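**Student:** Please read through the structure below; I'll follow up with questions.
2 protein chains.
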Amino acid sequence: MRLNEEEAAIVDGWAVEDAEAVLRAHDCRATGPRVAVMRALLRHGGPIDAAELTRLAQVEESTIHEATVYRTIGVLSDRGIVTHVHAGHGPSLVRIGGDHGLLAVCRDCGAIVQLPAEVVKTFVEQAHAAAQFTLEPGHFALEGVCAACAGHSA
Amino acid sequence: MRLNEEEAAIVDGWAVEDAEAVLRAHDCRATGPRVAVMRALLRHGGPIDAAELTRLAQVEESTIHEATVYRTIGVLSDRGIVTHVHAGHGPSLVRIGGDHGLLAVCRDCGAIVQLPAEVVKTFVEQAHAAAQFTLEPGHFALEGVCAACAGHSA
DNA sequence: TTGGTTCTGCGAGCTGGTCGCATCTACCGT
DNA sequence: ACGGTAGATGCGACCAGCTCGCAGAACCAA
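Here it is, written out as C-alpha cells:
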C-alpha cells in the first residue's frame, strides 16, 4: 500500500514523541514494542537494517525480539509508514516514509544516493516506450560509484 | 521475454560442444563437473539460478554437488566467462558472457526482460550529469510489470 | 607412471528472514 | 473499571541461499 501525498507529508513531519500517535492514526495497536520500534526509526531517521533497528529499540525496551521487529516492519510497511529497499548484498534497509524513488549504492564506500526524480521518470517512460515494461523502481537499488570514490581512484 | 537459448550461445560464439575448450582457453582445469556445468550453461543459454543449473548439470554427471556448482560459478565469474545478477528476492541468476546491461523482473510473473541498451545508456549518462554518480547497472535488476501482466490487470 | 597441485563431495555452518505456538496485553463494550 | 477477546509477543525451530573445512579423488605436466 502506498502513501498518498498528504500522509507522506505528515509522516515526514513526525517527531520521536509522536511515535504512538502515528501508530494509532494508522489503525495500528500501540503496543510497547511497536512504539519502541517507531521511536527508534524516527530517532535514527535514515535507512536502517533490522538488526540495528532491533538494537536501537532494545535501548528503550530490552526484551524486544528480532522476530517482533520484522513483524512490526511488516505492519508498518503494509500501512505505508515505512518502505524497505534492497541495497546490495546485505540485509534490506527500512526507512520512514513512502516511495523514495530510485536509490544507488556506491560499490566502494556503500554510500546511498537518491537518483534525481526527473532522470528516473524519463528513464521509466523510455523503458515503457521501448520495451513495454512498466518499471517500478524503489524496491531495489542500483550499483555504481559515487562522486567521491570516483575522485579518489582518478 | 526470456532469451532464446541458441541465440545466447551464438552471441558468444560458443556451442555446447565447446564447453571443455572454453575452460582450457581460460586457464581452467577441465574437470568432469566443470565441463558438465559449462555444457548446462551453454545448453540453457539464458539466466539460470544455481539450483536449476545443478539439476541440469546432474543430467550429465549425477554426482555433482551444489557446492561445486557455486564454486564453479565463482571461477567462471572470475574469468569473465559468466556474470551473475540479483533479480528480485530469490536466488541470483548466472548467464554466459560479460556485461549484459540492465535487466528488469516482472513483479507478477517473474519474467526477465532485458532493457534496451540505448535507453539504459541515456539513463546512465543523465544520472552522471545530474548526480555525479556513475551507475554500473548489470549486477542488480529492477522491478516492474511486464506488458503481458499489465494487459491482464487492465 | 608418477607426484604435486587443484578440485570435489560432503556435511556443518552462517546470515537474513519467517513461522507456529503458548502466553500475554491492548482495547472495546459494558 | 473491568472482563473478554482479537491480536501481539517472545521464543525457538525452521527455511533458503550461500560458504567453508576437510579428506580423498581427479587432473595433467614431466
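From first to last, the protein sequence lines are chains S and L. Take the first sequence: its position 88, counting from 1, is numbered 1069 in my numbering, and each next residue is one higher. Take the second sequence: its position 25, counting from 1, is numbered 1006 in my numbering, and each next residue is one higher. Ideal placement from N, C-alpha and C gives every residue a C-beta, glycine not left out. Predicted, not measured: the structure shown is a model, and the values here were computed from it.
1. Can you give me the start and stop residues for the alpha helix (DSSP H) that V1018/S sits inside?
2. Roughly how many whole angstroms lie between the Cα atoms of L1023/S and A1011/S?
3. Using a Cβ cut-off of 9 Å (strictly closer), state whether T1103/S contacts chain L.
4. Does the beta carbon of H1133/S come closer than 9 Å to any beta carbon on chain L?
5. For Q1095/S, which residues does DSSP report across the bridge?
6. What residue range is occupied by the uninterrupted alpha helix (DSSP H) comprising G1061/S?
7. Do A1038/S and V1050/S have their C-beta atoms within less than 9 Å of each other?
8. Does R1036/L get closer than 9 Å to chain S when you measure Cβ to Cβ?
9. Report yes or no: is there a C-beta of chain L within less than 9 Å of the C-beta of R1052/S?
10. Does the Cβ of V1018/L have 16 or more other Cβ atoms within 10 Å, making it buried, or fewer, making it exposed?
11. Compare the C-alpha of L1116/L against each of A1128/S, L1116/S, A1112/S and Q1107/S and name the closest.
12. Do L1084/L and G1061/L count as a contact pair if the criterion is CB distance below 9 Å?
13. Nearest to D1089/L by alpha carbon, out of F1104/L, H1067/L and A1131/L?
14. Rank V1126/L, P1028/L and A1108/L by C-alpha distance to the C-alpha of V1066/L and give the top, closest one.
15. Where G1078/L and T1053/L are concerned, what is the direct C-alpha to C-alpha distance, given to the nearest angstrom?
16. For a test of the three-state rule: what should DSSP assign to I1054/S, helix, strand or coil?
17. Does R1020/L have its Cβ less than 9 Å from a Cβ in chain S?
18. Enumerate in chain order the residues of its own chain whose CB-to-CB distance from R1076/S is below 6 Å, with the five nearest sequence positions on each side excluded.
19. What does the alpha-carbon distance come out to for the pair A1122/L and A1122/S?
20. I want to see whether chain L comes within less than 9 Å of C1127/S, judged by CB atoms only; does it?
21. For R1036/S, which of helix, strand or coil comes out of DSSP?
22. By alpha-carbon positions, which one of L1096/L, I1093/L, V1100/L and A1111/L ends up nearest to E1099/S?
23. In whole angstroms, what is the alpha-carbon distance linking D999/L and R1015/L?
24. Considering only the alpha carbon of each residue, which of H1081/S, A1031/S and H1007/S lies closest to I1093/S?
25. Between which two residues does the alpha helix (DSSP H) containing G1132/L stretch?
26. Sorted by chain position, which residues of the same chain lie with C-beta nearer than 7 Å to V1003/L's C-beta, five sequence neighbours on each side aside?
27. R1088/L touches chain S at which residues, Cβ-Cβ below 8 Å?
28. What are the start and end residues of the beta strand (DSSP E) that includes R1076/S?
29. Which residues bound the alpha helix (DSSP H) around V1003/S?
30. Determine, using beta carbons only, whether A1031/S comes closer than 9 Å to chain L.
31. Quick one: using the 10 Å Cβ neighbour count with 16 as the cut-off for buried, is T1044/S buried or exposed?
32. So, A1031/S versus E1047/S, is the Cβ gap smaller than 9 Å?
**Tutor:** Taking the geometry as given:
1. G1013 to H1025
2. 15 Å
3. yes
4. no
5. L1084/S
6. Annotation: G1061/S is outside any alpha helix (DSSP H) and is labelled neither H nor E by DSSP.
7. yes
8. no
9. no
10. So V1018/L ends up on the buried side.
11. With distances taken between Cα atoms, L1116/L lies closest to A1128/S.
12. No, they are not a contact pair.
13. A1131/L
14. P1028/L
15. 15 Å
16. In the structure shown, I1054/S sits in a helix (DSSP, three-state: H, G or I).
17. Judged by the 9 Å Cβ criterion, R1020/L is not in contact with chain S.
18. P1028
19. 9 Å
20. yes
21. The answer is helix: DSSP assigns R1036/S an H, G or I state.
22. A1111/L
23. 12 Å
24. H1081/S
25. A1128 to S1134
26. Cβ within range, chain order: W995, M1019 and I1062.
27. The CB of R1088/L comes closer than 8 Å to the CB of E1117 in chain S, given here in chain order.
28. L1074 to I1077
29. Note, V1003/S: alpha helix (DSSP H), A1000 to A1006.
30. no
31. exposed
32. Closer than 9 Å, so yes.
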